[in-house]
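Working notes, structure below.
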Amino acid sequence: MEEKEKNQLSRRNFLAIATGAIGAVIGVVMAVPAVAYVIGPALQRRTDENWVRLGSTSKVELGNPTLFKTIVENQTGWIVTEEEVSVYVVTEDGREYIALSNICTHLGCRVRWISDQGQYFCPCHNAAFDELGLVVTGPPPRPLDRYETKVEDDQLYILLGG
Amino acid sequence: MSVGFGNWLDERIGWRKVWDAIFLRKIPKVNWLYTLGSATLFVALLQGITGILLTIYYVPTPDHAYDSVVFITTQVPGGWFIRGVHSWGASAMVLLSVLHMVRVIMYGAYKYPREVTWFTGVGLLLATMGFGFTGYLLPWDQKAYWATIVGTRIAGVAPFIGEPILRIMRGGEDLSAVTLARFFGTHVWVLPTILLLFLGFHMYLVIRLGISAVPGKEE
Amino acid sequence: MNEKERQEYLEQYKKDKEKGVPFFPDILFKDAVISLVIFIALVALAYFVGAPLEPRADPADTSYTPRPEWYFLFLFQLLKYFPGSLEVIGVFIIPSAAIILLIALPLIDRSAKRHFLRRPFILGATILSVIGVLFLTIQSNREIPPPLEVVGGDQTALLYTENCAPCHGPSMTVPESVNLHEVIAQSEHEGMPAWSGDLTSDEIDALAGFIISPAGSQLFTDNCSECHEVAELVASNPIALRESIQLGLEYEPHAELDIPNWSTSISQEQQTTLLNFLVAPDGQRLFATNCAPCHGQSVAFAGGEEQLLETISQGGMHLDMPPWREMLDDSELDLLARYVTDPNSVPEGAETFQANCSSCHGERIPSSEDLETARQIIAEGGGHEMMPVWGEVLTSEQLDALVTYTVAAAEGTSVEVGQELYSQNCALCHGEFGEGGPNPSRAGDIIFPISTEEYLKTRDDFTIRSIIAQGQPNYGMSPFGSVFGGPLDDEDIDALVTYIRSWEANPPVELPPEIVVEVDEDTVALDTEQIYVQLCAQCHGLEGEGGIGPSFEDSQFQDTRTDTQLLNAINLGHEATSMISWGDVLSVDQINEMVALIRRFGSPSVSGLPTPEGVSFASDVMPIFEAECAACHGNFGGWDASTYTSVLGTGNNAPVIIPGDPENSLLAQKMLGTHSIGAIMPPAGLLPEDEIQVILDWIEEGALDN
Chain A
2 MEEKEKNQLS RRNFLAIATG AIGAVIGVVM AVPAVAYVIG PALQRRTDEN WVRLGSTSKV
62 ELGNPTLFKT IVENQTGWIV TEEEVSVYVV TEDGREYIAL SNICTHLGCR VRWISDQGQY
122 FCPCHNAAFD ELGLVVTGPP PRPLDRYETK VEDDQLYILL GG
Chain B
779 MSVGFGNWLD ERIGWRKVWD AIFLRKIPKV NWLYTLGSAT LFVALLQGIT GILLTIYYVP
839 TPDHAYDSVV FITTQVPGGW FIRGVHSWGA SAMVLLSVLH MVRVIMYGAY KYPREVTWFT
899 GVGLLLATMG FGFTGYLLPW DQKAYWATIV GTRIAGVAPF IGEPILRIMR GGEDLSAVTL
959 ARFFGTHVWV LPTILLLFLG FHMYLVIRLG ISAVPGKEE
Chain C
15 MNEKERQEYL EQYKKDKEKG VPFFPDILFK DAVISLVIFI ALVALAYFVG APLEPRADPA
75 DTSYTPRPEW YFLFLFQLLK YFPGSLEVIG VFIIPSAAII LLIALPLIDR SAKRHFLRRP
135 FILGATILSV IGVLFLTIQS NREIPPPLEV VGGDQTALLY TENCAPCHGP SMTVPESVNL
195 HEVIAQSEHE GMPAWSGDLT SDEIDALAGF IISPAGSQLF TDNCSECHEV AELVASNPIA
255 LRESIQLGLE YEPHAELDIP NWSTSISQEQ QTTLLNFLVA PDGQRLFATN CAPCHGQSVA
315 FAGGEEQLLE TISQGGMHLD MPPWREMLDD SELDLLARYV TDPNSVPEGA ETFQANCSSC
375 HGERIPSSED LETARQIIAE GGGHEMMPVW GEVLTSEQLD ALVTYTVAAA EGTSVEVGQE
435 LYSQNCALCH GEFGEGGPNP SRAGDIIFPI STEEYLKTRD DFTIRSIIAQ GQPNYGMSPF
495 GSVFGGPLDD EDIDALVTYI RSWEANPPVE LPPEIVVEVD EDTVALDTEQ IYVQLCAQCH
555 GLEGEGGIGP SFEDSQFQDT RTDTQLLNAI NLGHEATSMI SWGDVLSVDQ INEMVALIRR
615 FGSPSVSGLP TPEGVSFASD VMPIFEAECA ACHGNFGGWD ASTYTSVLGT GNNAPVIIPG
675 DPENSLLAQK MLGTHSIGAI MPPAGLLPED EIQVILDWIE EGALDN
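Chains as they are written, first to last, in the working numbering: chain A, 2 to 163; chain B, 779 to 997; chain C, 15 to 720.
Written out as structure tokens, the structure reads:
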């Protein structure tokens, strides 16, 4: 009788553990994809570096920053948006090109080249950058961002993303 | 420590009584067919979880529904899994609830004192069918669109009330963004609420009355 | 269940429960195991099958066959058994009743019996319901074939889906040797409309091709539709079609194009499929495109169907005519040759003919133009004709259709029926021979002859059929088709068309004098000036000086209108003026010529009568060659009528044209019958005189490539 009771008990224990195990298996198999599903897109970085053509190098004036605009397609989720990228291109010698973002490093306003003063001027907080994008006056914490550039067949490219 | 915490909590919310009532209650000797009800409940739970997850990305407008479903299936990590389980779970749910119902009929389990349990069960079956019907449209693919055109038109054949029903289902004359929005609303708010109410009642009755024993030849 | 039974049950249940096991873990373990099994199944399905997703919803795509999810299929199938006003039973009454019964089950079955064997009624009803639902679901899967794939541009498939699929389903099989064109056009069975009213002849042929070879339609869409319309190809010569596919880039019209080499890019099997689609089994059309160029429009054949089938299939090889010189002596050969050349001159030849030839040739005497040829043919026998081996060109369906048509047409029954119908219904206005006359319903109007070659050549059967069926209310002709409230059914109309068509080969000889007076002695067809004088001058003046209608001499009139506007004005008429639409009376060519004539009224230096201009090879001569000669010449060796160089440079007795000297040009001799060797060309009979004249003028002017 006691033996039976004992058997009964250990059988119950086994069943309880087995039930728990099954629950755990199902839980894990569900949870792993579920977590990946929820946080997945948030973790995805934009990895697609690509060279974007700005235009012919002949348009760049020696010693005077030239504004180029190009449209970049941007996919967020299933929606593709078009974004305009504006770049100031500076060259001293016609061989080396420096591409500067026109976005102020302070709060993201658009800077404008004022040729009279030889400075980029940000209208938001009166910041000024020199021809190569270094801060002259105002609050910006760092120089204007630069893009990597390359020239192929007299066409100027900058590297976006990455 | 855990025992101590269990006691502490029990003193305050009385969970032991509930635990005993639900899990330690005695069950007459039954066979494997009696697992169908629990299996349906399990699938319903799975549908709830995957369904909630799907709404994270799904957008119920004709412009975006299809694209977002494609996005879920092809871009989101594990998306194919979540959507696959939800889609097949719908079929499993219908199949299991019907099988469960046939078992109940065969064993006469709907008889005294479990008549009300049966009523709620039929309600659950109808809610499940409702889930199937409304969920079908949501991906906004060809099959979804045309099957819903036909499905709503079938409802419209009913005498007198058919025409208004058709309009109410579609939210107008035609299948449109309005239809998709209300099918979505029904699928994720109205029907789950109904399902939970019926399910709660159903479970309460099952626990209170106990599940019926396998009837003997003489019964 | 009474009170006692209830108490008993509760007590019994209590006992059962005490003997039982706790829910956790015994029962819950079972539940967990089942859940795990189901979970694994779902994961496997999600992994291996995935959630189905079809193309984006397209409300404009009406060809989609909707199907609900499987668990609603039984309901969907149930509806099929309740058509029309009964639908409400299947849709509403049965499902509602089922749900009510289901809910009320505990109230219906209130006995204390629980074991299913002791509840036979409920057991039976449940089993029946389950079987019923299963049956309906299975049936639904069997009955609804997979949705018809209509890929974007498959026009014919769309045509089929719109017109045929509602009754015939997504595909159908037809018994062999059915003339599908006729079936579709004229409604062979009950409930099916005669499509000739709604679809063009080309569309019907495309449909017939689609029914026989749906895959061919798909191939067409994939490969050809970028450049070709279906209608354009179904109406063209099957030999050319076959060549275009089999020769690949060597096919001349394709040579310069940047297209795949069809002979290799599509498999042999696909080529056949494609041809089956393009060359629909329309006997009449097949005859017109393949046989008529040599045999003429009138169909004559004395043998049976099988014999004809063999003859056509084997083509030029069919003539297992023995070389008679081995069996007959010279005098008998001469006699026969004379007999077939002119039966009346040697009546005694009939006996020899009967004895030797009738078994194959029947009563029809093969006609030969000159004695020498006839004698040669009889003497040598065998394949003396350049008839293509049609068995290699046409599919069996097409051959069957061609044979059926030829035999039926040769029997001539419909011509007789048509003649009868014509004299009853048409002769009153159109004259016994289609010669026309005063229009009884419009004073001062005349009805033009409908039996001229001109008229018949410019209208296909479909047009004539439509005119008869729908009438020409503008001209006072009421509709005769039963579909439009007239007395004639489709068969009658067909017989009429056949009868009217029979004039084409031999236009009625005796035209009533008053019409002959109006018509130029030389040509049956009216030329543009005559048409002008008869029709337009009434309002616009004999010299275009105007009257009821505007003056053509007015420079403002001429300057403010383009040729297209003039053409439209003549073709469609002007509403609210007495300018009626002439489009049904005049052919497009006639209207074009009329526009040119009207233009001449505008230039003061020229009088109303035009000066003849030089003949152009490209625009005057080539069309005649293309229409009358190219079907044989160009495909079977000998003289090639397809280009300027080949016209001048090829031929067994080249050159066939001596520029400037029509009399000695073989081509002219062949056309005129003044030649010394071979048969007159085309074999069907002399070309219309104006066409011959064009060619003679062209040679006279130096046979230029202009």
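In this text, a Cβ means the ideal position worked out from N, Cα and C, and glycines have one as well.
Euclidean distance between Cα positions of residue i and residue j
i: A/T150; j: A/T92; result: 11 angstroms
i: B/S780; j: A/N8; result: 26 angstroms
i: B/L916; j: B/F961; result: 7 angstroms
i: C/I507; j: C/A74; result: 38 angstroms
i: A/A128; j: A/L44; result: 35 angstroms
i: C/D568; j: C/D503; result: 50 angstroms
i: C/T542; j: C/G560; result: 18 angstroms
i: A/N75; j: A/V53; result: 13 angstroms
i: A/V88; j: A/D117; result: 20 angstroms
i: B/G792; j: B/P806; result: 26 angstroms
i: C/I141; j: B/M884; result: 10 angstroms
i: C/L89; j: C/L150; result: 8 angstroms
i: C/V197; j: C/A171; result: 18 angstroms
i: C/E25; j: C/L115; result: 30 angstroms
i: A/L16; j: C/M15; result: 39 angstroms
Which residues DSSP lists as bridging residue i, in chain order
i: A/R54; result: A/Y158
i: A/L68; result: A/Y89
i: A/Y203; result: As shown, chain A starts at 2 and ends at 163. That puts residue 203 of chain A outside it, with no answer to give.
i: C/N606; result: The partner list for C/N606 (beta bridge, DSSP) is empty, contrary to what the question assumes.
i: A/C123; result: A/A128
i: C/P493; result: BP columns for C/P493 are empty, so no partner.
i: A/T138; result: A/A129
Beta-carbon neighbours of residue i, restricted to chain A and to distances below 7 angstroms
i: C/A46; result: T20, I23, G24
Distance CB(residue i)-CB(residue j) smaller than 7 angstroms
i: B/R803; j: C/F135; result: no
i: C/L323; j: C/V417; result: yes
i: B/G867; j: B/L824; result: yes
i: A/L55; j: A/L157; result: yes
i: B/P840; j: B/L958; result: yes
i: B/L882; j: B/Y890; result: Residue identity differs from the one stated: residue 882 of chain B is Val in this sequence, not Leu. No, the pair does not count as a contact, with Cβ atoms beyond the cut-off.
i: A/R113; j: A/F122; result: yes
i: B/V872; j: C/L56; result: no
i: B/T930; j: B/R948; result: yes
i: C/L600; j: C/L510; result: no
i: C/Q412; j: C/V293; result: yes
i: C/L42; j: A/T20; result: yes
Expected contact under 8 angstroms - CB spacing of residue i and residue j to nearest Å
i: B/L814; j: B/L877; result: 5 angstroms
i: B/L832; j: A/A35; result: The Cβ separation is near 11 angstroms, so there is no contact.
i: B/W918; j: C/A71; result: 5 angstroms
i: A/H107; j: A/P66; result: Wrong, their Cβ atoms sit about 19 angstroms apart, outside the cutoff.
i: B/T895; j: B/V984; result: 6 angstroms
i: C/G104; j: C/L87; result: Between C/L87 and C/G104 the Cβ distance is about 14 angstroms, and since that is not below 8 angstroms, they are no contact.
i: C/Q486; j: C/F498; result: 12 angstroms between Cβ atoms; not a contact.
i: C/H129; j: B/E997; result: 5 angstroms
Neighbour list for residue i in chain C, Cβ cutoff strictly below 8 angstroms
i: A/V30; result: F53, V57
i: A/I27; result: S49, L50, F53
Chain B contact residues for residue i, given Cβ-Cβ distances below 7 angstroms
i: C/F38; result: F801, L802
i: A/G78; result: F849
i: C/G64; result: W858, G862
Interface residues of chain B facing residue i [CB-CB closer than 9 angstroms]
i: A/A43; result: Result: empty, since nearest Cβ-Cβ is about 11 angstroms, beyond 9 angstroms.
Contact set between residue i and chain A, taken where Cβ atoms lie within less than 9 angstroms
i: C/L42; result: L16, A17, T20
Listed by chain order, chain A residues near residue i by CB distance under 8 angstroms
i: B/P840; result: None at all; the shortest Cβ gap to chain A is about 14 angstroms.
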